[in-house]
Amino acid sequence: MYYNWKEATNTEELKVICNLIRNGEIVIFPTETVYGIGANALDANAVGKIFIAKGRPSDNPLIVHLADKGKLGEIVEEPNEVEQKLIDAFMPGPFTLILKRKPIIPDIVTAGLDTVAIRIPNNVIARGIITYSGVPIAAPSANVSGKPSGTNIEDIRKELEGKVSAIVDGGETEIGLESTVVKVNEQGIPVILRPGKVTPEDIERLIGKVIIDNNVLQKVDEKEVVESPGMKYKHYSPEAKCKLICCQDDLDEIFYIKKYIKEYQGNVVVIGFEEHKEKLFLEDERFIAICNKGDLEKYAKNIYSALRQADKVNPKMIIIEGVKKQGIGYAIMNRLLRTCEYDIIEK
Ligand code: TXA
Ligand code: MG
21 MYYNWKEATN TEELKVICNL IRNGEIVIFP TETVYGIGAN ALDANAVGKI FIAKGRPSDN
81 PLIVHLADKG KLGEIVEEPN EVEQKLIDAF MPGPFTLILK RKPIIPDIVT AGLDTVAIRI
141 PNNVIARGII TYSGVPIAAP SANVSGKPSG TNIEDIRKEL EGKVSAIVDG GETEIGLEST
201 VVKVNEQGIP VILRPGKVTP EDIERLIGKV IIDNNVLQKV DEKEVVESPG MKYKHYSPEA
261 KCKLICCQDD LDEIFYIKKY IKEYQGNVVV IGFEEHKEKL FLEDERFIAI CNKGDLEKYA
321 KNIYSALRQA DKVNPKMIII EGVKKQGIGY AIMNRLLRTC EYDIIEK
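Each residue of the sequence shown is one higher than the last, beginning at 21 in our numbering.
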């Protein structure tokens, strides 16, 4: 069933959705980062349906979503001082913390790890569904495994409809990139396993120290042992091959884009900055203006949808203009490097 809550949450329908969750069904709903596919986190059977719907490898654990901090004690051990500071500062919000789990969380959620990822979303619809279901909700991003996350229902409806019991449409998600995932190491230093809207700078300001896991901006072998299993899988990828162009100088940037347009005889789509459109002489469908250069928030919000839109033209190559690895730009580049399978021109 499809429910349109773009304007407001419908309380009668909310009851229906929460009943589905309590009865072990899976539901697509918005959060402020990206859409999620949610199930009762305490019901191993229900969680199993998420893995099937997404085609997700079973060794990649899920994030458990709570409505408020008061519920933390039911599923995780007491946070230490640094963890508590992070919780106080960034929850609710686009932030996920890995904590020691209690046995109540089924193994399927954590892929057998002794930790569990916790997030308290800030989105009204997400909070309503979690609160009134009365159970913690396990939810990965709503997309078939390997594809870009869904930031609006139109983008993911075809690939997921029929695999879930309900779809709640809350319009475009606000942020557009998945939450920042952090684990505090044995030395009490927060380690960023996946960057997001909560930036390394934000965490450093709060705790005084931050480490960015080595695998955030580099390629990971599928056989490698990593802190966060999600790091090693193909991710955020459209059907077409992608190339990332990231030059300090605009002239170089345009030069390389033109070079690849020529190499692929025009059978490309460029995802680029508004200002560069007129320099490239492409037909409208072959240039997707993502934002004005420097508008990183808008870039983050639009990138997944742009990747899906580019695929519709069926190009040989999607050429993407990258951004500076600053603020949320760090998260954008982390995703795009995977999208492009590390095929990047940097100058
Ligand atoms: O913004 C978000 O985080 C969205 C919304 C729906 O909340 N969710 C999301 O979930 O992006 P997912 O499943 O696509 O990504 C979860 C990431 C994966 O990379 C996974 O490997 C990692 O979190 N993760 C989950 N549990 C973990 C754990 N116990 N230790 C380390 N990494 C973990
Ligand atoms: Mg995901």
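C-beta atoms are modelled at their ideal positions from N, C-alpha and C, and glycine is treated no differently.
Here the structure is a predicted model, which is why all the values come from computation and not from measurement.
- The beta carbon of residue 329 sits closer than 7 angstroms to the beta carbons of 308 from its chain, once the five residues preceding and following it are set aside; these are given in chain order.
- Pairing residue 347 with residue 327 gives a Cβ-Cβ distance that is not under 8 angstroms.
- Residue pairing for residue 161: DSSP places it in a beta bridge opposite 56.
- The ligand MG has no heavy atom closer than 7 angstroms to the beta-carbon of residue 215.
- Here residue 291 carries a strand assignment [DSSP, helix/strand/coil].
- Counted as a single uninterrupted DSSP element, the beta strand (DSSP E) harbouring residue 337 occupies residues 337-341.
- Here the C-alpha atom of residue 358 lies approximately 9 angstroms from the C-alpha atom of residue 238.
- When secondary structure is reduced to three states using DSSP, residue 267 falls in the coil class, being assigned neither helix nor strand.
- Cα atoms of residue 34 and residue 211: separation of roughly 37 angstroms, rounded to the nearest angstrom.
- Nearest to residue 232 by C-alpha distance, out of 256, 258, 205, 243, is 205.
- For the 8 angstroms CB-CB criterion, residue 161 and residue 153 do not form a contact.
- In the three-state DSSP reduction, residue 152 falls in the helix class (H, G or I).
- For residue 60, the CB contacts under 6 angstroms within the same chain, skipping 5 residues up- and downstream, are 41, 66, 155 in chain order.
- If the five residues before and after residue 146 are omitted, its C-beta is found closer than 8 angstroms to the C-beta atoms of 49, 50, 51, 52, 56, 85, all from its own chain and listed in chain order.
- If you look at residue 244, you'll find it isn't in any alpha helix (DSSP H); DSSP assigns it neither H nor E.
- With a cut-off of 7 angstroms, the C-beta of residue 169 is classified as near the ligand MG, since at least one heavy atom of the ligand falls inside that distance.
- 82 is the residue among 82, 332, 121 whose C-alpha sits nearest the C-alpha of residue 159.
- According to the DSSP assignment, residue 23 belongs to the beta strand (DSSP E) that extends over 22-24.
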